[in-house]
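Okay, structure first, notes after.
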Amino acid sequence: MEQVIKTADLKAAGVPGYVIDLKCRPGGPWQRILPGVLLLSAGPPTRAQRLRAAVAYAGPSAVVTGVDALHAHGLQALPPPTRIHLLQPATTRRSCPDHVMLERTTRPPEVVVRAGLPLAEPNRAVLDAVRHEPDALRQHHMLATAVRSGLCTVAGLTAELDAGSKRGTATPRSALRLLSALLR
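Pasting the structure below:
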């Protein structure tokens, strides 16, 4: 059990607000992990708990993307980023806590649900991770790792790149051309 719950859900189940506040005090058995989201444990949150909390915070239309989505799809070779990357509809306006990156999009990805988490399909998740990686060598590494693992193909990544925004795509396009040439 991930022990992550929204404050509103506890209140709807009949837990009074003062009890929640009392249990979330310093030294208490619970903690506020994000605004309106609690961890029913006093220990430091795991990555999985932080991920579930971010999805609960962002709401039902949020989708996990980037490296966290790739980990859930089975690609464990990439190190976890410092921030959890979520996509949300362009019409949604939610503030962004420190360890969560909420990106608004007019082109929501195809959603795959794994372990109760809404994930962007692998091609989109890879490209979202790459677009937010400033180091060109790491971008190349991410793309090559996704292709070598069999999770993505150069053609699928190129199609996804062509379908999306052109912003931040020069290095990934170059890397995909190189990968395509190497695979021939």
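Letter 91 of the sequence shown, counting from 1, is numbered 74 in the numbering used here, and no numbers are missing. C-beta atoms are modelled at their ideal positions from N, C-alpha and C, and glycine is treated no differently. Everything numeric in this text was worked out from a predicted model, so none of it was measured.
Shortest Cα-Cα distance from PRO9 to any of GLY147, GLY139, THR65, GLY26 involves GLY26. THR141 and LEU70 have their C-alpha atoms spaced approximately 20 angstroms apart. About 27 angstroms separates the beta carbons of LEU100 and VAL137, which is beyond the 8 angstroms limit, so they are not a contact pair. Taking 8 angstroms as the upper bound for CB-CB distance, GLY49 and ALA108 are in contact here, some 6 angstroms apart. When rounded, the separation of the alpha-carbon atoms in PRO63 and ALA(-4) is 34 angstroms.
With respect to GLN(-14), LEU23 sits close: the two C-beta atoms are nearer than 8 angstroms. Shown here, LYS(-6) sits in a helix according to DSSP, grouped into three states.
Between HIS68 and HIS115, the C-beta spacing is below 8 angstroms. Of CYS7, VAL95, GLY0, LEU21, the smallest CA-CA separation from ALA55 is found for VAL95.
Nearest C-alpha to SER132 among ALA158, GLN59, ARG150, VAL83: GLN59. ALA73 and LEU144 have their C-alpha atoms spaced approximately 19 angstroms apart. Using a Cβ-Cβ distance cut-off of 8 angstroms, the segment 36 to 46 and the segment -2 to 14 are not in contact, since fewer than three pairs of beta carbons, one from each stretch, lie closer than that value. Here CYS79 is exposed, its C-beta having fewer than 16 other C-beta atoms within 10 Å.
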